[in-house]
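Note that the numbering used here numbers the sequence shown so that position 21 is 20, with each residue one more than the last. Okay, so here's the structure we're looking at.
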Amino acid sequence: TCTRDAIINGGIVLQPTVTGIATCKSILINPGAVLTIPTGQTLSVCENFTNFGVLSAATGSTVYFGNAAVNQIINGNLSGSNAFGNLTITKTGGIVSMLQNTDVKGIFNNSLATSTFNVNGKIHKVAGNFNNAGTYNPGGGTLELNGALAQTYFNAGVINNLVMNHSGPGVSLLTNMNTG
C-alpha cells in the first residue's frame, strides 16, 4: 500500500518478483538485491523509486507513478539492463523527477495534461512509443529514441536535445517535434 516502503536487501536467496499490481510507498533496491517485474505486471510507486541493485523489468511490465499529493523522484542505476519496461506517469498534481539517466525499454507515457515529468538535464532513452500529454521538462537534457521496432512520438510540449538512435523502420510523428 501507499503506507509501506519496500526495501530490498542483497544477500538473500529469494528475491522478490512483482505479480499482478503491487503498490508501495517508496522502493529501495539495495546493492546485491534484484527486483523482477515480468511482462503484464505493474509496480505502483506512491513516492520514490531508487535502484542501487538490479532491476529486471520485462519490456511489457510497467512502473506507475500517480500520487498527486507528492513530488516523486527516480534515482539510481536505471539504464541499460536496469531499464524500466514501461514507465507511466498519471498525476493531477506534483512532479516526477529523474535524478539519473533513465532508460525505458517500452512505452513512456506521461498521460495527463496535469502530469509533469522533469528530466533535469539527464539522458532519457525510450525504445518504445513516446507519449507526453502533460509537461515534459528536459532541463537541458536529451531524449533519445532508440527502438528496434516502429515507434511513435506524441509530445504536447518541447524537448531540448533529440538523438535518433533508432535501428528499426522509423519513428512516426503524431505531433510536431518542437525544440526549445
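Idealized CB from N, CA, C, for every residue including glycine.
Pair within 7 Å by beta-carbon distance, residue i and residue j
i	j	result
residue 75	residue 51	yes
residue 58	residue 87	no
residue 110	residue 134	no
residue 140	residue 121	yes
residue 148	residue 169	no
residue 7	residue 34	yes
Cβ neighbour criterion (16 or more within 10 Å) applied to residue i
i	result
residue 114	buried
residue 56	buried
residue 127	buried
residue 97	buried
residue 105	buried
residue 118	buried
residue 30	exposed
residue 67	exposed
residue 28	buried
Strand pairing of residue i, partner residues [DSSP]
i	result
residue 96	72, 117
residue 56	36
residue 43	22, 63
residue 163	144
residue 49	27, 74
residue 172	152
residue 13	Answer is none; residue 13 lacks a bridge partner.
Through-space distance from residue j to residue i, alpha-carbon basis
i	j	result
residue 91	residue 45	13 Å
residue 144	residue 14	32 Å
residue 19	residue 84	15 Å
residue 21	residue 146	28 Å
residue 176	residue 93	25 Å
residue 102	residue 163	14 Å
residue 161	residue 100	14 Å
residue 132	residue 157	11 Å
residue 81	residue 36	11 Å
residue 16	residue 77	17 Å
residue 154	residue 178	11 Å
residue 71	residue 38	24 Å
residue 151	residue 47	28 Å
residue 73	residue 49	6 Å
residue 112	residue 137	16 Å
residue 3	residue 116	24 Å
residue 130	residue 159	16 Å
residue 32	residue 54	9 Å
residue 24	residue 95	14 Å
Contact test: residue i Cβ vs the ligand NAP heavy atom, cutoff 6 Å
i	result
residue 10	This structure lacks the ligand NAP, and indeed carries no ligand of any kind.
**OP:** Ignoring anything shorter than 3 residues or poking outside the stretch 123-158, list the beta strand (DSSP E) runs there in chain order.
**Re:** 129-131, 134-136, 141-144, 150-154
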